[in-house]
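All remarks here apply to the structure that follows.
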Amino acid sequence: MHHGGKIIFGLVVFVTLVTFPIWFTGATGNTGYVPEPKLPAGGGRCVESREYMKAWHMDLLNQWRDLVVRNGQRVYISKTYGTEHPMSLSDMTVQSCMSCHNDKAAFCDSCHTYVGAEPYCWECHNIPTPGMAQLQPLTAKPPLPAAPATDEPAPTPATDEGVTP
Amino acid sequence: MTRKPDEPVTLDANASRRCFLKTAGAWTIGLGATAPAMSALAEALTTKPYAEAKTGKRWAMVIDTRACNEKANCDACSRACHVSHNVPHFDDPHHEIKWIWPETWKHTFEAETHENIPATVAARRVVVLCNHCENPPCVRVCPTQATWKREDGIVMMDMHRCIGCRFCVVGCPYGSRSFNWKDPRPNIANLEWSYPTRSKGVVEKCTFCEERLAKGLMPACVEACDREGNKAMIFGDLGDPNSKVAEILRQSYTIRRKASLGTAPHVFYLV
Numbered sequence: 001m002h003h004g005g006k007i008i009f010g011l012v013v014f015v016t017l018v019t020f021p022i023w024f025t026g027a028t029g030n031t032g033y034v035p036e037p038k039l040p041a042g043g044g045r046c047v048e049s050r051e052y053m054k055a056w057h058m059d060l061l062n063q064w065r066d067l068v069v070r071n072g073q074r075v076y077i078s079k080t081y082g083t084e085h086p087m088s089l090s091d092m093t094v095q096s097c098m099s100c101h102n103d104k105a106a107f108c109d110s111c112h113t114y115v116g117a118e119p120y121c122w123e124c125h126n127i128p129t130p131g132m133a134q135l136q137p138l139t140a141k142p143p144l145p146a147a148p149a150t151d152e153p154a155p156t157p158a159t160d161e162g163v164t165p
Numbered sequence: 166m167t168r169k170p171d172e173p174v175t176l177d178a179n180a181s182r183r184c185f186l187k188t189a190g191a192w193t194i195g196l197g198a199t200a201p202a203m204s205a206l207a208e209a210l211t212t213k214p215y216a217e218a219k220t221g222k223r224w225a226m227v228i229d230t231r232a233c234n235e236k237a238n239c240d241a242c243s244r245a246c247h248v249s250h251n252v253p254h255f256d257d258p259h260h261e262i263k264w265i266w267p268e269t270w271k272h273t274f275e276a277e278t279h280e281n282i283p284a285t286v287a288a289r290r291v292v293v294l295c296n297h298c299e300n301p302p303c304v305r306v307c308p309t310q311a312t313w314k315r316e317d318g319i320v321m322m323d324m325h326r327c328i329g330c331r332f333c334v335v336g337c338p339y340g341s342r343s344f345n346w347k348d349p350r351p352n353i354a355n356l357e358w359s360y361p362t363r364s365k366g367v368v369e370k371c372t373f374c375e376e377r378l379a380k381g382l383m384p385a386c387v388e389a390c391d392r393e394g395n396k397a398m399i400f401g402d403l404g405d406p407n408s409k410v411a412e413i414l415r416q417s418y419t420i421r422r423k424a425s426l427g428t429a430p431h432v433f434y435l436v
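What follows is the structure, given as structure tokens:
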């Protein structure tokens, strides 16, 4: 083998650099890191179950977007709970995503940064400041849909879903 | 496996190709069948509009140019619109974004006017906005269907789908469309939290406040004009013969901008 030593040395350097994220994380003891998105204070539940939202929120939001903008639909009827929810990401006058999850950095970003996802929602949709009240005073007649019928399951308490990861 | 040059192609070689194609076909069908099940989009979602939504067969607007000019330099409508829709302000006219704005009579009704009309009329300022045409040229030229005409006549914009090609800006004969040459956010004085801004590289225009109609509210400009006491803007459903707009159009002579182009604008002006 011509220049065997140089080649092997080069390979060692290459492998070391390529595997840098793995051994560096191992060496600094962060191997068990799991992002913990901060859920809104006061508990409650989301429009669907936690597992569903974890897996499918991006698909749900994509479909909401088209339903609202292109089809003029505004109210979502939950598959799991049968309750009605405004289909809005950032309208602070209704019970939208950001009305509850009003701390984007602690909720959205904690996972998105971890997995390297960069949704471009925020190029246009406004990010509420964490100090902002959960619901802004309504500037108009409250467009919230009517309360669910009494035979529907009541919103689960904070301890049931949505607090412990 | 080697084959002598003069040896005929055996069935075996063909069989393995068939086998490969069959397997590939089976995989394609199999993957195609399972793909929908892998997405939450497989099931249709149950949705509905807000209970208090205003619905119409054909939204239209009448602007009374007499009442509009009672207060000199009134800009309540455009201010209300631009504030509620986060329309940025740029000093450089090349970057200007506008949804609704006052124009001179001559500029508005170039084809409908002449030099001998009463001076009082020629001096009027006219509020102009998207005409929500029955036959909108902007929709015809949009390559992505980012702008389209809704069933109720509103020419809508889907900012998510706009690629910023600006065909619509060229197609619109009324100059109703503005392009975001720059990031608008630094130039929005008071952010309306509940309405999104736009990003650099999309076209925007008046949408007859479809987001307010969906909540049962009148368009912001109409509301502001009423609040000022001018009541120069009348908005309603032209498909309903009992609506105020239908009544006005029946009783009074109204004009439209560049009607000869065949776009059938649905913003009517009372002279």
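Going down the list, the sequences are from chains L and A.
All the letters of the first sequence, read from the start, carry residue numbers 1 to 165 under my numbering.
All the letters of the second sequence, read from the start, carry residue numbers 166 to 436 under my numbering.
No residue lacks a Cβ here, since even glycine has one placed at the ideal position from N, Cα and C.
Source: prediction; values computed, not measured.
Worksheet item: Of all the options A:Thr230, A:Cys246, A:Pro308, which has the alpha carbon lying nearest to the alpha carbon of Cys330 of chain A?
Response: A:Pro308
Practice prompt. Compute every distance between the C-beta of Trp358 of chain A and the non-hydrogen atoms of the ligand PLP, then say whether any falls below 7 Å.
Written response: The model depicted lacks the ligand PLP and carries no ligand whatsoever.
Discussion item. Distance cutoff 8 Å, beta carbons only. Does Asp171 of chain A sit that close to anything in chain L?
Written reply: no
Discussion item. Beta-carbon within less than 6 Å of Ile353 of chain A's beta-carbon, same chain only, minus the 5 sequence neighbours each way: which residues are those?
Written reply: Asn251, Pro253
Item to complete: Would you grab the beta carbon distance between Leu403 of chain A and Ala218 of chain A for me? Rounded to a whole angstrom, and I think it's under 8 Å.
Response: So it is not a contact: roughly 18 Å between Cβ atoms.
Worksheet entry | Residues of the region 66–86 of chain L whose Cβ lies closer than 7 Å to any Cβ of chain A, in chain order | Leu67, Val69, Arg70, Gly72, Gln73, Arg74, Val75, Tyr76, Ile77
Discussion item. Can you tell me whether His431 of chain A is buried or exposed? The criterion is at least 16 other CB atoms within 10 Å of its CB, across all chains shown.
Written reply: buried
Worksheet item: If we ignore side chains and look at the alpha-carbon of each, how far apart do Arg290 of chain A and Met58 of chain L end up?
Response: 47 Å
Worksheet item: Residues of chain A with CB under 8 Å from Met92 of chain L, in chain order?
Response: Trp358, Ser359
Item to complete: Check distances from the C-beta atoms of the region 111–131 of chain L to those of chain A and list, in chain order, the residues that come in under 7 Å.
Response: Glu123, Cys124, His125, Asn126, Pro128
Item to complete: List the whole-angstrom C-beta distance separating Thr372 of chain A from Ile319 of chain A, where the pair is believed to meet the contact cut-off of C-beta under 8 Å.
Response: 6 Å
Worksheet item: Can you tell me whether DSSP reads Met53 of chain L as helix, strand or coil?
Response: helix
Worksheet item: Taking DSSP as the reference, what is the three-state secondary structure of His259 of chain A?
Response: helix
Worksheet item: Where does Lys271 of chain A fall in DSSP's three states?
Response: helix
Practice prompt. Would you decide whether Val12 of chain L is buried or exposed? Buried here means 16 or more other CB atoms lie within 10 Å of its CB.
Written response: exposed
Discussion item. Going by beta-carbon coordinates alone, are Ala397 of chain A and Ala232 of chain A separated by less than 8 Å?
Written reply: yes
Worksheet item: Do you know how far the Cα of His279 of chain A is from the Cα of Pro119 of chain L?
Response: 54 Å
Worksheet item: Would a check of beta-carbon distances place Gln136 of chain L closer than 8 Å to chain A?
Response: Since pLDDT at Gln136 of chain L reaches only 42, below the 50 mark, its modelled position is unreliable, and no value is offered.
Discussion item. Using CA atoms only, rank isn't needed, just tell me which of A:Val367, A:Glu277, A:Ile194, A:Asp348 is closest to Ala311 of chain A.
Written reply: A:Val367
Worksheet item: Do you know whose CA, among A:Asp391, A:Val436, A:Glu277, lies nearest Cys239 of chain A's CA?
Response: A:Asp391
Item to complete: Would you kindly work out how many angstroms separate the C-alpha atoms of Arg350 of chain A and Gly5 of chain L, rounded to a whole number?
Response: 57 Å
Practice prompt. Would you mind reading off the limits of the beta strand (DSSP E) that contains Ala225 of chain A?
Written response: 224–229
Practice prompt. Sort out for me which residues DSSP pairs Thr212 of chain A with in a bridge.
Written response: L:Tyr76
Worksheet entry | For Val293 of chain A: DSSP bridge partner residues | A:Trp266
Item to complete: Starting from Leu11 of chain L, follow its DSSP beta bridges and name the residues at the other end.
Response: Note: Leu11 of chain L sits in no beta bridge, so no partner.
Discussion item. Among A:Asp229, A:Cys303, A:Thr212, whose alpha-carbon lies nearest the alpha-carbon of Val293 of chain A?
Written reply: A:Asp229
Worksheet item: For His252 of chain L, which three-state DSSP category applies?
Response: Lying before the first or after the last residue shown, residue 252 of chain L is absent from chain L, which here runs from 1 to 165.
Fill in: Residue burial classification, Asn345 of chain A (beta-carbon count within 10 angstroms, cutoff 16)
buried
Worksheet item: Using the C-alpha atoms, what's the distance from Ser49 of chain L back to Gly195 of chain A?
Response: 30 Å
Worksheet item: If we ignore side chains and look at the alpha-carbon of each, how far apart do Cys333 of chain A and Val15 of chain L end up?
Response: 53 Å
Fill in: When L:Ser96, L:Asn62, L:Met92 are compared against Val75 of chain L, the one with the closest alpha-carbon
L:Ser96
Discussion item. Looking at the strands, I want to know which residues DSSP matches up with Thr419 of chain A.
Written reply: A:Leu435
Worksheet item: Interface residues of chain L around Ser364 of chain A at Cβ under 9 Å?
Response: Tyr120, Glu123, Cys124
Item to complete: Compute the beta-carbon to beta-carbon distance between Thr69 of chain L and His325 of chain A, rounded to the nearest angstrom, for a pair I have assumed lies under 8 Å.
Response: The identity of residue 69 of chain L in the sequence shown is Val, whereas the question assumes Thr. Their Cβ separation, rounded to whole angstroms, is 7 Å, which keeps Val69 of chain L and His325 of chain A in contact under 8 Å.
Worksheet item: Should Pro384 of chain A go down as buried or exposed, given a rule of 16 or more other Cβ atoms within 10 Å for buried?
Response: buried
Discussion item. So that I know if they touch, is there some Cβ in chain L lying closer than 8 Å to that of Ala379 of chain A?
Written reply: yes
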